[in-house]
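Asks: In our numbering, the protein residues as written are -7 to 232. In this text, a Cβ means the ideal position worked out from N, Cα and C, and glycines have one as well. I am attaching a structure below and will ask some questions about it afterwards.
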Amino acid sequence: MESTDTAVRERVHERHRRRRTLLVSLVAVAAVAAVALVGAGLVRPNKSEAGEAPSRLPAGTASDTAGVASGSGEVRIDLYFDYLCPSCRTTEQALAAQLDALRASGKVTLVHHPVTFLDSYSTPAGYSTRAASAAACAADQGKFEQYSAVLFDKQPPERGPGLSEAQLIAAGRDAGITDDSFANCLRERTYAPWATYVSDTAVARGIAATPTVTVNGRRVDVTGSDPGASLARAVSEAGR
């Protein structure tokens, strides 16, 4: 978890540097450095504007356009994750059965936010964006969650090249995607701008670590021995 949180802090710094003057950037870096002394995972970046959503959005985007939604219940669960994040893989696999049960109950709307905080943790940089863009292509095929599960099953190590284009296409077959338009979408990186927008929106909302899970906007601790039970309890309390 620590290495991932460190990478996220670096990613947050990078985004702020693109949007602020040198003076403001130095203040932001100093503030984050001070917080980092307290311990990993406690960074709370200043909120910034995410900008306009791109004109091309994957199928099934949520009403705020910054995630892929499923279900139609009154309680909203948001999952922020990076396909290169080892803790995200663990959380996704630990919560899968509980999320399926909650959706089947009709109580929740689940929104996945594939962020790209760890782009600099692949060599060459950019795997998180490539994977998130590919997942958006899978959403057009109605297979976002199936494809996400395959990507986590095949998760490459940090600092490596990530899955190749051919491997990302093959992952689509493993997820049950047969339409050739998926491969074309992936090769053209159609949804790379959307992946960037999802990440910028996450930063604007104060998300500074992956994985992050919220229920109706309130963060849920899913690091304990039974994350599924923690999530179910949070949903039950939100639905009262």
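1. Is the Cβ-Cβ distance between TYR72 and PRO203 less than 8 Å?
2. On the DSSP bridge assignment, give the partners of PHE73 in chain order.
3. Three Cβ pairs or more, each shorter than 8 Å: is that satisfied between the region 101 to 108 and the region 52 to 61?
4. Is there contact here, the region 108 to 115 with the region 138 to 155, by at least three beta-carbon pairs under 8 Å?
5. Assign SER125 to one of three DSSP states: helix, strand, or coil.
6. To the nearest angstrom, how far is it from the Cα of SER125 to the Cα of PHE174?
7. Skipping 5 residues on each side, what residues in its chain have a beta carbon closer than 6 Å to that of ASP132?
8. Considering just the uninterrupted stretch of the alpha helix (DSSP H) at ALA224, what are its terminal residues?
9. Looking only at DSSP bridge pairs, what is ALA61 linked to?
10. CB-CB under 8 Å to VAL214, same chain, minus the five flanking residues each way: which ones, in chain order?
11. Can you check which of these residues, VAL227, GLY168 and THR53, is closest to ARG211 by C-alpha distance?
12. Which partner residues does ARG210 have in the DSSP bridge list?
13. In terms of DSSP beta bridges, what is VAL67 paired with?
14. Could you check if ARG122 is buried or exposed, using at least 16 other CB atoms within 10 Å of its CB as the buried criterion?
15. Got a sec? Which residues, its chain only, sit under 7 Å from ASP166 by beta carbon, not counting five neighbours each side?
16. Taking its Cβ as the centre, do 16 or more other Cβ atoms sit within 10 Å of THR108, making it buried, or is it exposed?
17. From GLY33 to PHE144, what distance separates their C-alpha atoms?
18. Under 7 Å Cβ to Cβ from GLY118, same chain only, skipping five residues before and after it: list those, please.
19. What's the C-alpha gap between ARG181 and SER79?
20. Determine the DSSP secondary structure at THR182, reduced to helix, strand or coil.
21. Rounded to the nearest angstrom, what separates SER120 and ASN176 at their Cα positions?
22. Quick one: measure Cβ to Cβ for ALA45 and TYR189, integer angstroms, because I've assumed they're closer than 8 Å.
23. Which runs of the alpha helix (DSSP H), 4 residues or longer, sit entirely within the region 136 to 190?
Replies: Taking the coordinates as given:
1. A contact, by the Cβ cut-off of 8 Å.
2. Bridge partners of PHE73 according to DSSP: PRO106.
3. Touching, per the Cβ criterion.
4. A contact exists between the region 108 to 115 and the region 138 to 155.
5. In this structure, SER125 counts as helix in the three-state DSSP scheme.
6. Answer to the nearest angstrom: the Cα atoms are 11 Å apart.
7. Taken in chain order, the residues that qualify are PRO50 and ALA51.
8. Start and end: 219 to 230.
9. The partner list for ALA61 (beta bridge, DSSP) reads VAL103.
10. Result list for VAL214: THR83, ALA86, LEU87, PRO203, VAL205, SER222 and LEU223, in chain order.
11. When each option's Cα is compared against that of ARG211, the closest is VAL227.
12. Paired residue(s): VAL207.
13. VAL67 pairs with VAL100.
14. Answer is buried; the Cβ neighbour count reaches 16.
15. Excluding sequence neighbours, ASP166 sits near VAL142.
16. THR108 comes out buried.
17. Low confidence applies here, because GLY33 scores a pLDDT of 29, under 50, leaving its location unreliable and the question unanswered by this model.
18. For GLY118, where only same-chain residues beyond five positions count, the Cβ hits under 7 Å are ASP111.
19. Spanning the alpha carbons of ARG181 and SER79 requires a straight line of approximately 26 Å.
20. Coil.
21. Whole-angstrom Cα-Cα distance: 19 Å.
22. The C-beta distance from ALA45 to TYR189 rounds to 6 Å, short enough to meet the 8 Å contact threshold.
23. Fully contained in the region 136 to 190 are the following alpha helix (DSSP H) runs of length 4 or more, in chain order: 136 to 145, 157 to 166 and 172 to 179.
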